[in-house]
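Peer 1: Supplied in structure tokens, the structure appears directly below.
Residue numbers (my numbering), protein chains in the order written: chain A, 1 to 95; chain B, 1001 to 1282.
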């Protein structure tokens, strides 16, 4: 599924050039389970279009499961929950 | 409240409703013709065929469009752009350009149903690929997309209310309704519209739900297909604004708005504009 998404953005889909500015809040560590450490992190995304127009594009939470691999923390799972179900036409780059 | 107050005389405006295949159609107008008078039985039949068993809503979202609602209606009415624009259909073999098909248009032009028909002799044709059409990029076609995997197992021959919205035979996937933009006076402004997208699945079919969620990769603002449908209207709006006095015409499939046994036609687009002008007295 991830391969499809990368192929779409690099080769297959037609869309306007754009970029995001992510502002990520402090993660709330919710506790540890057998799967790993659960964290809840708020985010805000501003979208900058090719002509310079900026929109407050999305806000929401990352619901993450993190695991320790050696000295590093790695994501096992990330669920992105948007605050609004109303989204501008082009959500090309993943949030 | 005083005795003289009659509650029956002061309620919300009543909608005139009718149902078809479990969908509720509503109008604020008492004068609008009945649904049965507006569309051909063949068109209603195809809608009912897709929604022939109870469905439930898996989820919903709103896709905000940067263009007038009529540009999106044109997109839905345009029976051939999907094969050319949406690279995912061609490259991942969800549809093939060489497939047969056609469009049914209602007598007043406002309603249509389009369909594709797989023909065995089309399966290996390279007629379009040889022309270097974008949606037939061979280097991509070797890959197989997640949403397409199931599609390859379903029956070869199918008809659907709109192949772009319903990628499988007899199974409801998406109903895109121009929510908030039923008419020019009630849109989200002259240059804006909003699509109310519902993901549906058959009731009591958990495996179906998983497939439907995977196919959500095709629709909505992040959809491989719908993100293009969404932004293309904005391109057209901006382009048209710079050429208000210019005219260009492509008579694809003739000048009329009758049903045709090919999807390489703009019959349903012309039908929409003929009906719109008539309704609006333009």
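We put the beta carbon where it would ideally sit given N, CA and C, even for glycine. Note that the structure is a prediction, hence the values are computed from the model and not measured.
Helix, strand or coil for residue 2(A)? Go by DSSP, reduced to three states.
Peer 2: Helix, per DSSP.
Peer 1: How would you write the range of the beta strand (DSSP E) that residue 1239(B) sits in, first residue to last?
Peer 2: No beta strand (DSSP E) holds residue 1239(B); the alpha helix (DSSP H) holding it covers 1226 to 1241.
Peer 1: Roughly how many angstroms separate the alpha carbons of residue 91(A) and residue 1219(B), rounded to a whole number?
Peer 2: Cα to Cα, residue 91(A) sits roughly 11 Å from residue 1219(B).
Peer 1: When we look at the beta-carbon of residue 1284(B) and count the other beta-carbons within 10 Å, is it buried (16 or more) or exposed?
Peer 2: Nothing in the structure corresponds to residue 1284(B), since chain B is present only between 1001 and 1282.
Peer 1: From 1268(B), 1244(B) and 1237(B), pick the residue whose C-alpha is nearest to that of residue 1251(B); which is it?
Peer 2: Taking only the C-alpha atoms, the option nearest residue 1251(B) is 1268(B).
Peer 1: Taking 8 Å as the cut-off, does the region 36 to 56 of chain A touch the region 2 to 9 of chain A (at least 3 CB pairs, one atom from each stretch)?
Peer 2: The region 2 to 9 of chain A vs the region 36 to 56 of chain A: no contact.
Peer 1: What residues from chain A crowd round residue 1065(B), counting only those whose CB sits closer than 7 Å?
Peer 2: Neighbours of residue 1065(B) on chain A, chain order: 89.
Peer 1: State the Cα-Cα distance for the pair residue 1044(B) and residue 1003(B), rounded to the nearest angstrom.
Peer 2: Each residue's Cα considered, the two are about 48 Å apart.
Peer 1: Against chain B, does residue 86(A) count as a neighbour if the rule is that its beta carbon must be under 8 Å from one of theirs?
Peer 2: Residue 86(A) counts as touching chain B.
Peer 1: Please tell me whether residue 48(A) has its Cβ less than 8 Å away from any Cβ of chain B.
Peer 2: Output row for residue 48(A): interface = no.
Peer 1: Identify, in the order they occur along the chain, each residue of the same chain with its Cβ nearer than 7 Å to the Cβ of residue 1201(B), setting aside the five sequence neighbours on each side.
Peer 2: Correct list, in chain order: 1055, 1056, 1058, 1208, 1209 and 1212.
Peer 1: Anyone know if the C-beta pair for residue 95(A) and residue 80(A) falls short of 8 Å?
Peer 2: Cβ atoms of residue 95(A) and residue 80(A): closer than 8 Å.
Peer 1: Report all residues from its chain with a CB closer than 7 Å to the CB of residue 96(A); omit the five preceding and five following residues, and keep chain order.
Peer 2: No information on residue 96(A) is available, as it lies outside the stretch 1 to 95 that chain A covers here.
Peer 1: Are any of the Cβ atoms in chain A nearer than 8 Å to that of residue 1075(B)?
Peer 2: So, not an interface residue.
Peer 1: Count the other CB atoms within 10 Å of the CB of residue 1157(B); is the residue buried (16 or more) or exposed (fewer)?
Peer 2: Because the pLDDT at residue 1157(B) is just 32, under 50, the model does not fix this residue reliably, and the point stays unresolved.
Peer 1: Distance check for residue 38(A) and residue 32(A), CA to CA, integer angstroms please.
Peer 2: One C-alpha to the other measures close to 6 Å.
Peer 1: In or out: residue 1074(B) buried (at least 16 other Cβ within 10 Å) or exposed?
Peer 2: Residue 1074(B) should be labelled buried.
Peer 1: Using a Cβ cut-off of 9 Å, which residues of the region 1044 to 1063 of chain B contact any Cβ in chain A, in chain order?
Peer 2: The region 1044 to 1063 of chain B vs chain A, Cβ under 9 Å: 1059, 1060, 1061, 1062 and 1063.
Peer 1: Would you say residue 14(A) reaches chain B, if we count a Cβ-Cβ gap shorter than 8 Å as a contact?
Peer 2: It does: the Cβ of residue 14(A) has a partner Cβ on chain B nearer than 8 Å.
Peer 1: Relative to the C-alpha of residue 61(A), which residue among 70(A), 35(A), 83(A) and 46(A) is closest?
Peer 2: Nearest C-alpha to residue 61(A): 83(A).
Peer 1: Could you say which of 1097(B), 1270(B) and 1279(B) lies nearest to residue 1071(B) if we only look at CA atoms?
Peer 2: Answer by Cα proximity: 1270(B).
Peer 1: By the criterion of Cβ-Cβ separation under 7 Å, what are the contact partners of residue 53(A) in chain B?
Peer 2: Result: empty, since nearest Cβ-Cβ is about 11 Å, beyond 7 Å.
Peer 1: Residue 1039(B) bridges to which residues according to DSSP?
Peer 2: Residue 1039(B) pairs with nothing; no bridge assigned.
Peer 1: In its own chain, which residues sit with a C-beta less than 8 Å from the C-beta of residue 96(A), not counting the 5 before and 5 after it?
Peer 2: With chain A running from 1 to 95 in the structure shown, residue 96(A) is simply not present.
Peer 1: Hey, could you find the ends of the alpha helix (DSSP H) residue 1086(B) is sitting in?
Peer 2: Neither: residue 1086(B) is in no alpha helix (DSSP H) and is coded neither H nor E.
Peer 1: So for residue 1101(B), helix, strand or coil by DSSP?
Peer 2: Note: residue 1101(B) maps to strand in three-state DSSP.
Peer 1: Would you be able to state if there are at least three C-beta pairs under 8 Å between the region 1034 to 1052 of chain B and the region 1100 to 1107 of chain B?
Peer 2: Touching, yes.
Peer 1: How far does the beta strand (DSSP E) with residue 17(A) in it reach, from first residue to last?
Peer 2: Counting along the chain, residue 17(A) falls outside any beta strand (DSSP E), and DSSP gives it neither H nor E.
Peer 1: Kindly say whether residue 1088(B), judged by its beta-carbon, lies nearer than 8 Å to any beta-carbon of chain A.
Peer 2: Interface residue, yes.
Peer 1: Apart from the five residues just before and just after residue 1018(B), which ones in its own chain have a Cβ nearer than 6 Å to its Cβ?
Peer 2: Closer than 6 Å at the Cβ level, and outside the excluded window around residue 1018(B), lie 1025 and 1035.
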